[in-house]
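Q: Starting off with a structure, shown below.
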Amino acid sequence: MDYTCQGKILEISDKEEIFDAIDELKVGMEVSNEAEAYNLCNTYAFRKGFSIRKGNIRRDAQNKVRQRDYFCSKEGFQSDEDLCEVKKVRRLDTRTGCKALIRFTVDNGIWKISHINLDHNHEFAKPEERQFLRSGRHIPRVRAVFKWINLIGSQIIFGEMVDQS
């Protein structure tokens, strides 16, 4: 992935390098697609101690993405629900009406940061709590394979190995 900021290109090969390279986001930074835009915002948010979620998306007449917003996960407020309706699990309301957002504008396939508001109305997660941020959680590929093996069961795997030899 390449990130461009005021003519400087940062070559990024893995997540650790991204954490070291992206200290702050600036209007004008460019990425080449939506996945890179999300990863850039998510990496920045994780490093600072907050979580993001995808927000508004605007499309042109040909249904191509023209603009995409990424909000702080604490943006807005929980909608009023029917309190008489019984739910199995009541989740804690964590939205605080935070106005922080990062807006990308797409022009000729290039995703460019066009607006940034990084004013949060809540505290950030401490470094030891960041692993629990929703948008920062991920399972590395090796762990996912072990989880899959555990679900299948060792008898089936060893049986397949015997059949193949």
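Position in the sequence shown (from 1) plus 1163 gives the number in my numbering.
Glycine included, every Cβ here is placed at the ideal spot set by N, Cα and C.
From a predicted model like this one, the values you see are computed outputs, not experimental measurements.
1. Measure the C-alpha to C-alpha separation of residue 1275 and residue 1260 and round it to an integer number of angstroms.
2. Applying the criterion that 16 or more other CB atoms from any shown protein chain within 10 Å of the CB defines a buried residue, is residue 1208 buried or exposed?
3. Do you know offhand how far residue 1277's Cα is from residue 1190's?
4. Quick check on DSSP: helix, strand or coil for residue 1322?
5. Among residues of its own chain, excluding the 5 on either side of residue 1220, which ones have a beta-carbon nearer than 8 Å to its beta-carbon?
6. Less than 8 Å between the CB atoms is what I'm expecting for residue 1218 and residue 1264, so what's the real figure, rounded?
7. By the DSSP assignment, the beta strand (DSSP E) with residue 1261 in it spans what residues?
8. In whole angstroms, give me the CA-to-CA distance for residue 1267 and residue 1326.
9. Use the C-beta contact count for residue 1234: other C-beta atoms within 10 angstroms, 16 or more gives buried, fewer gives exposed.
10. Among all the DSSP beta bridges, which residues are the ones paired with residue 1278?
11. In three-state DSSP terms, what is residue 1234?
12. Determine the DSSP secondary structure at residue 1202, reduced to helix, strand or coil.
13. Let me know the secondary structure DSSP gives residue 1187 once reduced to three states.
14. Between the Cα of residue 1273 and those of 1188, 1186 and 1196, spot the shortest distance and give me the residue it belongs to.
15. Exposed or buried, what is residue 1206 when buried is set at 16 or more other beta-carbons lying within 10 Å of its beta-carbon?
A: Working from what's here:
1. The residue given as residue 1275 occupies position 112 in the sequence shown. The residue given as residue 1260 occupies position 97 in the sequence shown. Each residue's Cα considered, the two are about 26 Å apart.
2. As a first step, residue 1208 must be located in the sequence shown, where it is residue number 45. Result: buried.
3. Here the question's residue 1277 lines up with position 114 in the sequence shown. Here the question's residue 1190 lines up with position 27 in the sequence shown. Distance between the alpha carbons of residue 1277 and residue 1190: 5 Å.
4. On the sequence shown, position 159 is the one that residue 1322 refers to. Residue state, collapsed to three classes: helix.
5. For this step, residue 1220 is matched to residue 57 along the sequence shown. 1228, 1230, 1231 and 1232.
6. Your numbering for residue 1218 matches position 55 in the sequence shown. Your numbering for residue 1264 matches position 101 in the sequence shown. Right, the Cβ-Cβ distance comes to about 7 Å (below 8 Å), so this counts as a contact.
7. In the sequence shown, the residue the question calls residue 1261 occupies position 98. Looking at the DSSP string, residue 1261 is not in any beta strand (DSSP E), and its letter there is neither H nor E.
8. Within the sequence shown, numbered from 1, the residue matching residue 1267 stands at position 104. Within the sequence shown, numbered from 1, the residue matching residue 1326 stands at position 163. Those two C-alpha atoms are separated by around 53 Å.
9. Numbered from its first residue, the sequence shown carries residue 1234 at position 71. Residue 1234 should be labelled buried.
10. Position 115 of the sequence shown holds residue 1278. For residue 1278, which the question treats as bridged, DSSP gives the partners 1266.
11. Taking the sequence shown and counting its residues from 1, one reaches residue 1234 at position 71. Residue 1234: strand per DSSP, three-state reduction.
12. Residue mapping note: residue 1202 aligns to position 39 of the sequence shown, counting from 1. Correct three-state label for residue 1202: helix.
13. Within the sequence shown, the letter at position 24 stands for residue 1187. Of the three classes helix, strand and coil, the one that applies to residue 1187 here is coil, per DSSP.
14. Here residue 1273 refers to the residue found at position 110 when the sequence shown is read from its first residue. Cα-wise, what sits closest to residue 1273 is 1196.
15. Here residue 1206 corresponds to residue number 43 of the sequence shown, with the count starting at 1. The residue is buried, with at least 16 neighbouring Cβ atoms inside 10 Å.
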